[in-house]
Amino acid sequence: MGKYLTVEEVAAQLQVTPRTIQRWIRIEGLPAIKLARAVRVDADDLVQWLELRKIRGDQPDA
1154 MGKYLTVEEV AAQLQVTPRT IQRWIRIEGL PAIKLARAVR VDADDLVQWL ELRKIRGDQP
1214 DA
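Spelled out as C-alpha coordinates, the structure:
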(Lines of atoms letter the chains of each structure in order from A and count residues from 1; the text may use other names and numbers.)
(Lines give C-alpha, C1' and ligand atoms only; values in the text may rest on other atoms or scores of the structure.)
Protein backbone atom coordinates (compact mmCIF):
# COMPACT_ATOMS: atom_id res chain seq x y z
CA MET A 1 0.00 0.00 0.00
CA GLY A 2 1.32 3.43 -0.96
CA LYS A 3 1.42 6.59 1.09
CA TYR A 4 -1.76 8.64 0.94
CA LEU A 5 -1.50 12.42 1.03
CA THR A 6 -4.13 14.96 1.94
CA VAL A 7 -5.13 17.64 -0.54
CA GLU A 8 -3.30 20.13 1.66
CA GLU A 9 -0.09 18.06 1.65
CA VAL A 10 -0.16 17.74 -2.14
CA ALA A 11 -0.80 21.47 -2.49
CA ALA A 12 2.14 22.29 -0.21
CA GLN A 13 4.48 19.99 -2.14
CA LEU A 14 3.51 21.51 -5.49
CA GLN A 15 3.27 25.08 -4.17
CA VAL A 16 -0.32 25.57 -5.30
CA THR A 17 -3.55 26.05 -3.38
CA PRO A 18 -5.69 23.18 -2.11
CA ARG A 19 -8.43 24.53 -4.39
CA THR A 20 -6.14 23.96 -7.39
CA ILE A 21 -5.59 20.35 -6.31
CA GLN A 22 -9.35 19.86 -5.95
CA ARG A 23 -9.83 21.27 -9.46
CA TRP A 24 -7.14 18.95 -10.83
CA ILE A 25 -8.96 16.01 -9.23
CA ARG A 26 -12.34 17.05 -10.67
CA ILE A 27 -11.32 18.32 -14.09
CA GLU A 28 -7.75 17.28 -14.93
CA GLY A 29 -8.00 13.66 -13.81
CA LEU A 30 -5.63 13.64 -10.84
CA PRO A 31 -6.33 10.23 -9.27
CA ALA A 32 -7.76 10.45 -5.76
CA ILE A 33 -9.84 8.39 -3.38
CA LYS A 34 -12.46 9.41 -0.87
CA LEU A 35 -12.19 7.85 2.57
CA ALA A 36 -15.20 8.82 4.62
CA ARG A 37 -15.23 12.60 4.10
CA ALA A 38 -11.51 12.95 3.41
CA VAL A 39 -9.99 13.00 -0.08
CA ARG A 40 -6.55 11.41 -0.40
CA VAL A 41 -4.03 11.16 -3.23
CA ASP A 42 -1.72 8.17 -3.49
CA ALA A 43 1.86 9.50 -3.66
CA ASP A 44 2.76 7.04 -6.44
CA ASP A 45 -0.29 8.06 -8.48
CA LEU A 46 0.70 11.71 -8.05
CA VAL A 47 4.20 11.05 -9.41
CA GLN A 48 2.80 9.15 -12.41
CA TRP A 49 0.22 11.87 -13.12
CA LEU A 50 2.91 14.55 -13.01
CA GLU A 51 5.22 12.53 -15.27
CA LEU A 52 2.51 12.41 -17.93
CA ARG A 53 2.43 16.21 -17.89
CA LYS A 54 6.17 16.73 -18.07
CA ILE A 55 7.20 19.20 -20.76
CA ARG A 56 10.15 18.09 -22.83
CA GLY A 57 12.75 20.54 -24.08
CA ASP A 58 11.69 20.04 -27.71
CA GLN A 59 8.03 20.84 -27.05
CA PRO A 60 6.67 24.35 -27.55
CA ASP A 61 5.31 26.19 -24.52
CA ALA A 62 1.59 25.74 -23.95
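Residue numbering for the sequence shown follows the numbering used here, starting at 1154 and increasing by one per position. In this text, a Cβ means the ideal position worked out from N, Cα and C, and glycines have one as well.
Alpha carbon to alpha carbon, what distance is there between Ile1208 and Ala1189?
35 Å
Local Cβ density within 10 Å of Leu1205, reported as buried at 16 or more and exposed below that
exposed
When DSSP labels each residue in this structure, what does Asp1197 get in the three-state scheme?
helix
Straight-line CA distance for Val1169 to Arg1179?
16 Å
Using three-state DSSP, classify Ala1185 as helix, strand or coil.
coil
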